[in-house]
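Report on one structure; see the data block that follows.
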Amino acid sequence: MSLIDEAGPNTSVWMSLSDPKPLDEALTLTEAARIRLNLLARQLSGSPKYFDAEIESVLEILNQVSVKLSPLKSNHSLTRLLKAPLKTLESSKSVLNDINSDDFLIDLNRSSQLVSQTARSLRRIIAVQKPATIASKQTPRINFVNNWLKGSQNMFEDLSKRYDFRFSTFSNELSRQDINKTLEVDRTGVAKTQLYQSLNNIGRRDHTKGRQFSMLVTDGFDSGDMEKNFSNDILSQPLLVFPIGDPNTFPDSRIKSVVCPSRIQEKDTFIATVLISSVNTTPETVTLVLKEGDEILASKEVLLKGDGTNLQVDLEWQASGPGTHKFEIELSPITGDELLQNNTHILDCAVLKNHYKVLVSDTFPRWETRYLQNLFNRDPSIKMSSIVFQPSHSFPGKNPKQPMTLPFDLKSWKLYDLVILGDLTPEYLTPVHQKLVANYVNEGGNLIIMAGPNGMPARFIDGPLEPLIPMTKVADSVIHGSFIVHPPVNEPINRMVLLNRGQTQQVWQSIFQVTPQHTLVPWLKAKESARTLLTATDKENGTTYDFCATQRYGSGRIAYFAAPCLYHLRFRFGDEYHAKLWGQLIRGMCVDSFGFSDTLIATRLDRQFWKLGEEIQGRLRIRNEYGEPFNSRNFNATLSKEGTIIAEMKPVPIADRPGDFFVRFSDIPPGNYQLGYSGEAIQSILEADQKFNPDQDPVTLTVGEGIKALELQTPAAPSQFWSQVNNLPLAATISPATLPLMIEALDLKPETLKRTSKRPLWNTWWFLITILLVAASEWVLRRLTGLS
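Note that our numbering has the sequence shown beginning at 44, numbered continuously upward.
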């Protein structure tokens, strides 16, 4: 037989190894009877005598259970609890004593159900007598495993003498162990515990090798990503489970998930959809609260059934002014609930102002400009100013109006949340204005450029506006063709240009079916500092260009479109998508960050946990506050422990990828570390990154003995593994002290048949030849030695 030990821990001591109680023995015998009945139902091809003997064995086991339980009747606190299981035992005996050959299988299944009911009742009684206790979260899970293994060493050695005993440990894979050596799990080698997967592998490996049954030592905690069920191979033979911890699910109420918006507008209703559940013996009323600090914003009382089923609850809050909010959702604990850490959930929500000041300026009233003016004039959340320079109108008998100009001071530009510039020329967007626009964006302003053939951006290259433009030129002349505009294929669709969750690509590609787009301004290659939102593909030759891109410049943001053609959405679909797109663009530019990568220094480690002696590896991408790749090598990457720098190295540039570096550290001692950067060359970027992202979490990693991975921590919730095992037909959860009793009760000896036949010697001719050869050899030896 095989014993598999999971690298998992104890949450409480379920049973004393030296002093098993009658309830434990009664449960073990009941489980053995259930397993034998289920095995019997699977082996209907055996002989009648075999079935008679098996039924008698099961009846004998059930009689032993009655004997174990009978002394407990005097205890008044148990009398009521034991009434149902004892009645079930009598029913089982009456069914088994009255076997009808025509309904044999039905009777076996019915008997198995009754015995299973008895086992469930006994488990409930044991749970009442032995309440669960939760281990300290500070204690590594692996410690409980090692303590259990050391305490059970004698039992394992005894088993290895009596049986063909194979012992394996596993975390994410099986590892054969020597039973005669001291058993201890290497805490630095623990990865994910693939409990179900390893069990199924054992079943497939031993399916044809005559395995009688398997034993599993576990706390029931599986941290793997595979589907958590059992294969038929492991279910074909008995499985005995030793619980390290309490196998009975203890009371626990918990918040399973929260779905809510991360951003809403003023006067919108914030709705948090909360999924809650509880594991309890009886239903109980709980309170779900949404609060900010000590202020309760919303609350609801709900009834949890206690059977683990999910209940969905909506909490609503009416937003007022703009700002960032940190909410806490709290679920009141049920009686006996000690796992309070899964009763709270923290979330952030930004309330955006619902009105924006927008400036639209163009040389001529192009179609895009006209559509935007009409759209913004209809939208009560937008206060629009429009400056269109031509044509200049005059009236009979009156002087022409004073020509309009763009603002000549930075304060006037800062009045606008967003500026949209069309195909302006230097005549109207003068060098003075260009510097003001650059300063406006650098200090937090937002700019959208709608390119055109007359001036934008061709006539502003080599000036203050060039660093703002997210594109570079790809040709010497205006590009002509028949283009399809769409989000990049093979990349996630950015939410700024998301029109329809299921058909965004199709919507964008269809807007030029009626009125094709034939001309693109040749600034069509996104800079390395930019993010592409839309691409344009030539229908004739398949060439793809970057059509729309965004980038950060200083504290502000810029978006660029290679042609003024978004009005085709209105022309093709009415207001359904045109208004939605511009609403998303304005929100994304003015408040939200879903169109941009806000972190100037991005670090990606290969993983968070490292074994002692492994080289720590990662990659680093650095952009300055204007979105340009950082190419200096005059800075260091550092590993700090409790504020003290333990190691540092100079990141190695990655060839052909400006601003990208390799980070490597060797010979790092065990512990928890924080990865950072230092040096004069990078100091301004560090300060800007802190300014843009004040709440970003530091990059942390752990080496060797300091590992605090999921495998080494006490589970935050009871495992459902126990109930799954107890429902399996050929599995049972037992105390280690009752193992000899279980093995004796199972008595899984295969049925053997002996046959004897008699045949004349001459029918077996090779026997006759052998006898003749021996006789001849003896005669020859005698002649040679003179004995005959």
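We put the CB at the ideal spot given by N, CA and C, even for glycine.
These numbers were taken from a predicted model, which means no experiment stands behind them.
Since residue i sits in a beta bridge, which residues does DSSP pair it with?
| i | result |
| --- | --- |
| S320 | R297 |
| I463 | V403, I491 |
| H523 | T562 |
| M632 | DSSP lists no partner for M632. |
| Q660 | R707 |
| Y206 | Answer is none; Y206 lacks a bridge partner. |
| K568 | T515 |
| G702 | Per DSSP, none; premise fails for G702. |
| C392 | H368 |
| L331 | K343, L374 |
| Y716 | L744 |
| I314 | E359 |
| M539 | Answer is none; M539 lacks a bridge partner. |
| S721 | N679 |
| V302 | T316 |
| V695 | F705 |
| R666 | P672 |
| A645 | R664 |
Give the DSSP-derived three-state secondary structure of residue i in the structure shown.
| i | result |
| --- | --- |
| Q355 | strand |
| C591 | strand |
| V823 | helix |
| D337 | coil |
| T225 | For T225, the predicted structure reports a pLDDT of 49, less than 50, and the residue's modelled location is therefore unreliable. A value from the coordinates is still provided. T225 falls in the coil class under three-state DSSP. |
| K623 | helix |
| T378 | coil |
| R650 | coil |
| D350 | strand |
| D581 | strand |
| I601 | strand |
| Y471 | coil |
| T236 | coil |
| T448 | coil |
| D150 | helix |
| I812 | helix |
| L773 | coil |
| V532 | coil |
| S576 | Sequence inspection shows Leu at residue 576; the Ser mentioned does not correspond to that position. The answer is strand: DSSP assigns L576 an E or B state. |
| A606 | coil |
| S59 | Because S59 carries a pLDDT of 32, less than 50, the predicted location of this residue cannot be relied on, and the following value inherits that uncertainty. Three-state result, S59: coil. |
| P507 | coil |
| P672 | strand |
| T387 | strand |
| I287 | coil |
Hey, could you find the ends of the alpha helix (DSSP H) residue i is sitting in?
| i | result |
| --- | --- |
| V550 | 547-553 |
| R613 | 610-616 |
| E411 | 410-421 |
| Y483 | 474-485 |
| Q767 | 764-770 |
| A69 | 65-85 |
| S455 | 453-456 |
On the premise that residue j lies in contact with residue i, defined as a C-beta separation below 8 Å, what is that separation, rounded to the nearest angstrom?
| i | j | result |
| --- | --- | --- |
| R79 | S100 | 7 Å |
| A592 | A579 | With a Cβ gap of about 12 Å, A592 and A579 do not count as contacting. |
| G487 | S598 | 4 Å |
| L347 | I319 | 7 Å |
| F604 | F590 | 7 Å |
| Y720 | F678 | 6 Å |
| T412 | V431 | 6 Å |
| S296 | S321 | 4 Å |
| W566 | M514 | 4 Å |
| N397 | E470 | Contact flag wrong, Cβ pair sits at about 37 Å. |
| K299 | N386 | Their Cβ separation, rounded to whole angstroms, is 11 Å, which puts K299 and N386 out of contact at 8 Å. |
How would you write the range of the beta strand (DSSP E) that residue i sits in, first residue to last?
| i | result |
| --- | --- |
| E691 | 687-692 |
| K684 | 679-684 |
| M499 | Per DSSP, M499 belongs to no beta strand (DSSP E) and is neither H nor E. |
| A788 | A788 -> not in any beta strand (DSSP E); alpha helix (DSSP H) instead, spanning 782-789. |
| I430 | 425-431 |
| R833 | Since the displayed the chain opens at 44 and closes at 831, residue 833 lies outside it and no answer follows. |
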